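Following my numbering, the numbering of the sequence shown begins with 4 at its first residue and continues without gaps.
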Amino acid sequence: MTRDELRKELKSGVKLEDIFEFTDGQDCLIYKGKFLPGIIGDDICYISDLSLVDIPVNKSIVKSYEIDSVMGRCYTTNDFIKECNGHENIAEDLFNYVDWQTPDINDFMEGYDDKEQFFKEYRFPMDDLFVTEKMKDLLSRIADLAAQASDEVYDDDDDNGTYGILSLCDQLYEKINRYLERDSDD
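Spelled out as structure tokens, the structure:
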């Protein structure tokens with residue numbers, strides 16, 4: 004069931020317990036379906052603790068603010084994947100980890116004391132989990148600006164201090180490009 008379908012059902016007076024099979028979470032009731040990436044990734048697979056927002060599962064809720072509160076606690080497989088920056092295997096582990104709370108990759112990562120353990124399990128550096136495509140694009144732009152600044156600042160006259168700036172721009176450009184090349188090779 005998608006969020007839109009759930010919203011329609013709730014507006015018509017159907018109780019949450021008649022739609023989902025709630026189970027015990029950590030001192031609360033939660034809904035936990037199946038983690039199904041792909042075509043049905045927009046179906047609700049997890050509803051976190053509704054008691055935190057005083058929403059009963061055994062009564063009809065038709066007020067828009069109550070329905071909005073429910074919608075804010077519904078998560079799809081795609082939501083988990085997005086939280087994990089596209090890493091489906093980690094998203095599934097995060098799904099298996101949550102038992103009352105809002106899915107948050109940072110909570111899940113607290114279980115990893117060192118980066119080597121994470122690397123052994125997932126085969127990529129932990130820090131890469133937090134680097135989004137948007138960040139990679141930004142790094143690429145910074146590298147281009149550093150190269151451009153290097154070209155514009157270049158001056159054979161070392162007395163004016165431009166050599167230090169030039170060197171810094173070149174180093175920044177090279178480091179960012181190495182990072183981006185390493186990431187694209189994975």
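C-beta: ideal position from N, C-alpha, C; glycine also.
Fair warning: this is a prediction, and the values are worked out from it, not measured in the lab.
1. Look at the Cβ atom of residue 38, then the Cβ atom of residue 5, and state whether they are nearer than 8 Å.
2. In three-state terms, what does DSSP make of residue 49?
3. What distance in whole Å lies between the Cβ atoms of residue 13 and residue 64, which are believed to be in contact at a cut-off of 8 Å?
4. Taking DSSP's pairing of strands, which residues face residue 116 in a bridge?
5. Whole-angstrom Cβ separation of residue 100 and residue 83, contact assumed at under 8 Å?
6. Using C-beta distances below 8 Å, list every residue in its chain close to residue 10, excluding the 5 sequence neighbours before and after it, in chain order.
7. If I measure Cβ to Cβ from residue 175 and keep anything under 6 Å in the same chain, skipping five residues before and after, which residues do I get?
8. Please report the straight-line C-alpha distance between residue 184 and residue 19, rounded to a whole angstrom.
9. May I ask which residues mark the beginning and end of the beta strand (DSSP E) holding residue 35?
10. Give every residue of the same chain whose Cβ lies closer than 8 Å to the Cβ of residue 26, excluding the five residues on either side of it in the sequence, and list them in chain order.
11. Cβ of residue 47 within 8 Å of Cβ of residue 77?
12. Determine the direct distance from the alpha carbon of residue 93 to that of residue 107, and round the result to whole angstroms.
13. Just tell me which of 60, 91 and 52 has its CA closest to the CA of residue 41.
14. DSSP beta-bridge partners for residue 172?
Well, looking at it:
1. Here residue 38 refers to the residue found at position 35 of the sequence shown. Here residue 5 refers to the residue found at position 2 of the sequence shown. Not closer than 8 Å, so no.
2. In the sequence shown, counting from the first residue as 1, residue 49 sits at position 46. In the structure shown, residue 49 sits in a strand (DSSP, three-state: E or B).
3. In the sequence shown, counting from the first residue as 1, residue 64 sits at position 61. In the sequence shown, counting from the first residue as 1, residue 13 sits at position 10. 6 Å between Cβ atoms; contact.
4. The sequence position of residue 116 within the sequence shown is 113, counting from 1. Partner(s): none; residue 116 has no beta bridge.
5. What you label residue 100 is simply residue 97 of the sequence shown in a count that begins at 1. What you label residue 83 is simply residue 80 of the sequence shown in a count that begins at 1. That pair is no contact at about 10 Å.
6. Within the sequence shown, the letter at position 7 stands for residue 10. Around residue 10: 70 and 74.
7. Start at 1 with the first residue of the sequence shown, and residue 175 comes out as number 172. Hits under 6 Å: 149.
8. Residue mapping note: residue 184 aligns to position 181 of the sequence shown, counting from 1. Residue mapping note: residue 19 aligns to position 16 of the sequence shown, counting from 1. Roughly 49 Å between the two C-alpha positions.
9. What you label residue 35 is simply residue 32 of the sequence shown in a count that begins at 1. Its beta strand (DSSP E) spans residues 32-35.
10. Here residue 26 refers to the residue found at position 23 of the sequence shown. Excluding sequence neighbours, residue 26 sits near 32, 33, 34 and 35.
11. By one-based count along the sequence shown, residue 47 stands at place 44. By one-based count along the sequence shown, residue 77 stands at place 74. It is a contact, given that the beta carbons lie within the stated cut-off.
12. As a working note, residue 107 is residue 104 in the sequence shown. As a working note, residue 93 is residue 90 in the sequence shown. C-alpha separation (whole angstroms): 12 Å.
13. The residue given as residue 41 occupies position 38 in the sequence shown. Ranking 60, 91 and 52 by Cα distance to residue 41 puts 91 first.
14. For the purposes of this step, residue 172 is identified with residue 169 of the sequence shown, where counting begins at 1. DSSP output for residue 172 lists no bridge partner at all.
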